[in-house]
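Visitor:
Chains as they are written, first to last, in full-length UniProt numbering: chain A, 1 to 380; chain B, 1 to 380; chain C, 1 to 380; chain D, 1 to 380.
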């Protein structure tokens, strides 16, 4: 039986994307790779709403590599405010510790998002140079009020850095308009490619005085290579993950063909259909309704780990919950990348049956029916 | 958007099956191919319920190649009775014509299956040497009463030949027990491999005096090669479709791992779920309920061709109806091969929305709910 | 260790060609397939030098399927002359026998080609309606004097049919100019695709009165489907080998990009380099020098079967000899498709070492050096 | 025309290795990945000659990531001696600078290796805690006297770290026996997988007090995850490059099947054949004969960049020279991974013809002949 991966990353990809990276003769100096690198850098800039005043980066690595390398643009004078909505927001703490940076944390309860007003108050109260926060928190499925946070914070800090690991490619992003200095992501989430690349888009003026805390993680060292790659030439600094970049380039072409707004809308609609379906069944989406994300849903349910197990036995791999305050009390559904309308029904049908099997009293078919209504409402 | 193929063949396959056939260095004399050929021949014999008194054949070609080559075992003395349930049953006519054989046809109305009693009567009435019929008729989704037909016909003819193109791999088959002399199929239907191979399993004693009407299509010429391949040696007669055979071998291994009975049961259950769901919506399964097949469903609906068009725009490719008596009045769903439980819901959700868009008055969600009930009832 | 396939078919292909056929959602009615079918039919017509007065055919099957189906255009009145240069030339005999056709055979000694003058003499002497012959004989590597044969035979017969299984894609062909009525080939030889398709290009006026000896093998039944496919529409008669056709289309695009004349020249040059290298070593090319083909080389050597075995242990798979008069006395090298300049050296280096190991007295390196000279001479 | 990649990395890989990583449903928590991760970690330990007193690491990244992360085990008290044979030896300098570590450099002329005695002298003279050096220098093809260096240095430093980026998988390594504390490499060189993973094997006792200079690059943070992965369980810290690990696992299985000693011997023999062939032609291998490596050859030749260009036009991609003292005066051949005997001849034949085309006076065929002799001498 074919398994379906609805984990939170690597996300649902397509064989065609992966096969794009299968070449016996394409090295890091080959024209095919150089074109894919150029196209991916351009595409990355577009999907986050940046323009030429920003420089895109593709580094060998992962989301964590992107997080740590972006610390090089944070001023060492002045504290960092971390607005954390969960496990991945909190991951900034050991990273900032490791670089001996001072910071404070505003942390939301699971399912909530840190209030923009409280961010403003905190930034006004102390010596903060930077704000970092997570756009979509993978551990809870919460989407932060990114535009409002930026509006309130922009006058109060030198740097605003956004972790877009679980949002880029699935959520609207306008980093230029909103005044974001840097956004990071990885290849294997909303951009539906294999894992192996750390991705960043950084305002050029914030690259002038990097902190230089290390070699690979000092973005200044990557400026020249990336500018060279953007010209379609070989900007070798460290061997890039060639296959991953070939795959990324294919995905950016797919997004261009669909139209970025259509891609985002698609994710918004099927997230709504999935979440409404879940609530109709009687399960509870962990995130507050106004913070539902387009890409990750956390579902509060009795016997959550059993539901994950039953679903896997029916062929669908969900992710267990990882927030320490709610371990075993919820599970997660990744709906990024090539996730599609019919996957909404695959997921809901398996969840209904898994919940029943776990002894939870639900109304069979009600979630599926509700999802249909949402799609019809959205003209899908 | 990823398309889903729910056409009637090539069926829903898997990339892993197809990639099995991608080799740069495997020719028709290579050990990998010879092992795959041996394994596929053995597997083919098993899925139709044959034993060593039958010889399996894999020929370059298609289902039509299998049909025409099997005519070589039909005695030239005595007529052929064709019991036809639709377009593919009727395809025997030009083939038998081309070989200048005498035949009569009993033809059922679309959705019906030729009555076993009428077959018996007909065979008793005249000079018939052979009976040929289609197990599952791809144009109408009708499954013939194979066991009863064989029981009634066996004493009355020399040869019983079954077209299992749309049934092998998805329906229970016991050719030995039921006294069938030959069954044919193709690689791309229930066996979920790429198209390119004609498959047959033939009782050895019916191979002694073949008609010799042509070279390639005279099965006698293939007996020695197939016996050689069964020993794992190179039985070259004409270049076999190497990649298709590699894929087939992978599928037979998957069936062995799942257990043939589980594979068949899976197809039976999701066919029931799909069909019950369709009828609950208010559409009509063309086949009489006692003739629902595990592998193909024909659905009677107003504006059928529009439904197919709408569904395709939502990413699912169904097949239009091809029975001349009902053109434009029904469409077809192939649910063979790697089709799975969640595909039932993908199909039903898209059909519900397509029907609504076509102006048909249906109860949204009712089909999905009914399908859930069927799965629960079957312990899935 | 990676094996290299230098057998006589399937030929050296490329993963990119094969991966072209790997799709999870492309059925026989899908736009991708229909476009590949149209492109392949057009491409096939071009590589044999035909124009719109010819109809191209792609059938599920193999080279043998192509041979047998082309018999349907041979007039039943009048005999067939078979000019045979070896095993595959002789294969016409059982095929013609099976169709109860009268024929005579002119057969050349292994390595020789039937003399055009003797063909002319024979045709003048009797009641012949058709001439069939093999362009490149796979069992001996002999290329027939195709142009001269046609010039001499054209006034004397109604039909000239050429078996181009081992030549199409690697040899110059001008079927229109030379007055050939039909040429056949298969997907897995010079066209470097997976096996699974029979290919033909047939003069339209020879399709008017086919013999109708069977259904699938009566080309008349395929005229309408192929004309439909040529328009880019679904011409379904029997399920085509979808993946093979996708691969073929890729190959035709590659040939178009390289330029057909360059492709042919490449094969001519590396055949010359290979053959000259072999003779320099002291081995003997079976074919007379004026009949060396661009695509297959038969090599006479003591302990030939051991050489094949030694070579295989070093990673290269050659083919053993199959001509009954020379069994065990020669081996064969297929150099079709994606075979390339460097493969010439791979082959020669392994043959030199294999011959030494077999105790044959050769001058090490001399073949490699000679091959270099040939390439230099040809400006490669 | 199919290109052949003989660059210095990604190395010549195989489609089968790459296709191993193509899965639609294998995430970082899937059993297939966990098994591949466990197998790769074990395999990595074996190919470097380590035992259970060492811990293997697979990190998302590249060779540079491996270099920088291993700095975390270098004591901050005491200097680092860098014995550099070229560009990649010198890369330690900006990395150590970035971590504010004190170091001195012994640098060899291009083609030479730093003398073990001078390393001993230098270490004896000052306050050195660590020695780092490159096993095979990718910019010059020089292999260091690893065993002798270790014997001399071991008593004099706390840490010996070896950059095995271009040697692991192609050269004999006995880190335990030779007293090496850590060796690093990357996925895309001798281990023939796609780029995307940094690989390390580190003595466990050197992991107790890491420097903690950063988060991702502090190996201490990866100890627990790697121990978990070694048990076949999910040790998630940062998303691993799933596809690359699947490929690596395939390669380790291939090495196990061939026998590690045979793999190494194969690389040694074809390196000798290639290098001897080059010198016979009249070109000059940059490395001193006693420092020829199994995996990279640098070739001194007039008009080197033209030779690279001519070779590329004949389908083979070599690497240009990058050593600043010799820019444009040499080129490089990577012969790692799935490079094979016949590739030696492909390379030499193209180099001979490219050199001629560049106007260099060579004896055509002499290199090919010499390579044959070397293979014969080695019983290949």
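Just so you know, even glycine gets a beta-carbon here, dropped at the ideal spot from N, CA and C.
#1: Please identify the residue among C:18, C:168, C:352 whose C-alpha is closest to the C-alpha of residue 294 of chain C.
#2: Determine whether the Cβ of residue 68 of chain A lies closer than 8 Å to any Cβ atom of chain D.
#3: Can you find a C-beta in chain C that's less than 8 Å from the C-beta of residue 99 of chain B?
#4: Looking only at C-alpha atoms, which of A:32, A:73, A:36 sits nearest to residue 206 of chain A?
#5: Could you work out which residues of chain A lie near residue 277 of chain B, taking near to mean beta carbons separated by less than 9 Å?
#6: Just grab the DSSP bridge partners of residue 269 of chain C for me.
#7: Cβ closer than 8 Å: which chain D residues qualify as neighbours of residue 318 of chain C?
#8: Would you check if the region 301 to 320 of chain C and the region 14 to 30 of chain D touch, i.e. whether three or more CB-CB distances between them fall below 8 Å?
#9: Can you give the beta carbon distance from residue 137 of chain B to residue 86 of chain B, rounded, assuming they're within the 8 Å contact cut?
#10: In angstroms, rounded to a whole number, what distance separates the CA positions of residue 351 of chain D and residue 367 of chain C?
#11: Between which two residues does the beta strand (DSSP E) holding residue 215 of chain D run?
#12: Please classify residue 98 of chain A as buried or exposed, where buried requires at least 16 neighbouring CB atoms within 10 angstroms.
#13: Quick check on DSSP: helix, strand or coil for residue 102 of chain A?
#14: Taking a Cβ distance cut-off of 9 Å, strictly less, list which residues of the region 232 to 247 of chain A are near chain C, in chain order.
#15: Spell out whether any CB of chain D is found under 8 Å from the CB atom of residue 340 of chain C.
#16: Here's a check: name, in chain order, each residue in its chain whose Cβ is nearer than 6 Å to the Cβ of residue 358 of chain A, leaving out the five neighbours to either side.
#17: With DSSP collapsed to three states, give me the class of residue 318 of chain D.
#18: Please report the Cβ distance between residue 199 of chain D and residue 186 of chain D, rounded to the nearest whole angstrom; I am assuming they are in contact, meaning their Cβ atoms lie under 8 Å.
#19: Is the region 216 to 235 of chain C touching the region 327 to 337 of chain C, taking contact as three or more C-beta pairs under 8 Å?
#20: Have a look at the DSSP bridge pairing and note the partners of residue 297 of chain B.
#21: On a CA-only basis, which of A:58, A:59, A:372, A:61 is nearest residue 270 of chain A? Give me that one, please.
#22: Taking 8 Å as the CB-CB limit, is residue 19 of chain A close to chain C?
#23: Determine, using beta carbons only, whether residue 159 of chain D and residue 181 of chain D come nearer to each other than 8 Å.
#24: Determine the contact status of residue 301 of chain D and residue 252 of chain D, defining contact as a CB-CB distance below 8 Å.
#25: Over the uninterrupted alpha helix (DSSP H) stretch that includes residue 236 of chain D, give me the two end residues.
#26: Kindly indicate which three-state DSSP category residue 128 of chain A falls into: helix, strand or coil?
#27: Tell me whether the beta-carbon of residue 57 of chain B lies closer than 8 Å to the beta-carbon of residue 242 of chain B.
#28: Residue 183 of chain B and residue 153 of chain B look like a contact to me (Cβ under 8 Å); what is the Cβ gap, rounded to whole Å?
#29: Which term fits residue 325 of chain B, buried or exposed, when burial requires 16 or more other beta carbons within 10 angstroms of its beta carbon?
#30: Kindly indicate if chain C contains any beta-carbon less than 8 Å away from that of residue 139 of chain B.
#31: Going by the CB atoms, is the gap between residue 276 of chain C and residue 370 of chain C shorter than 8 Å?
#32: Is there a C-beta anywhere in chain C that falls below 8 Å from the one on residue 80 of chain A?
#33: Would you kindly work out how many angstroms separate the C-alpha atoms of residue 129 of chain A and residue 145 of chain A, rounded to a whole number?
#34: Can you give me the Cβ contacts of residue 211 of chain A inside the same chain, cut-off strictly under 6 Å, excluding the 5 residues immediately before and after it?
#35: Could you check the C-alpha separation between residue 141 of chain B and residue 81 of chain B for me, to the nearest Å?
#36: Measuring alpha carbon to alpha carbon, tell me which residue in C:209, C:284, C:273, C:176 is nearest residue 349 of chain D.
Guide: Quick answer:
#1: C:168
#2: The beta carbon of residue 68 of chain A falls within 8 Å of a beta carbon belonging to chain D, placing the residue at that interface.
#3: yes
#4: A:73
#5: Those do not exist, as residue 277 of chain B stays about 10 Å from chain A at its closest Cβ, beyond 9 Å.
#6: According to DSSP, residue 269 of chain C bridges with nothing at all.
#7: Within 8 Å Cβ-Cβ: nothing; residue 318 of chain C doesn't reach chain D, min ~13 Å.
#8: Inter-segment contact for the region 14 to 30 of chain D and the region 301 to 320 of chain C is absent: fewer than three beta-carbon pairs are separated by less than 8 Å.
#9: 4 Å
#10: 17 Å
#11: Run containing residue 215 of chain D: none; DSSP gives neither H nor E here.
#12: By the 10 Å Cβ count, residue 98 of chain A comes out buried.
#13: coil
#14: none
#15: Residue 340 of chain C counts as touching chain D.
#16: 303, 306, 307
#17: coil
#18: 6 Å
#19: no
#20: B:333
#21: A:372
#22: yes
#23: yes
#24: no
#25: Where residue 236 of chain D is concerned, there is no enclosing alpha helix (DSSP H), given that its DSSP letter is neither H nor E.
#26: strand
#27: no
#28: Going by Cβ atoms, the distance from residue 183 of chain B to residue 153 of chain B rounds to 14 Å, so no, they are not a contact pair.
#29: exposed
#30: Interface annotation, residue 139 of chain B: not in contact with chain C, CB-CB separation never under 8 Å.
#31: Yes, the Cβ-Cβ distance between residue 370 of chain C and residue 276 of chain C is below 8 Å.
#32: no
#33: 20 Å
#34: Sequence-distant partners of residue 211 of chain A (beyond 5 residues in either direction) whose C-beta falls short of 6 Å from its own C-beta, in its chain, are 72, 76.
#35: 21 Å
#36: Considering only alpha carbons, the answer is C:273.
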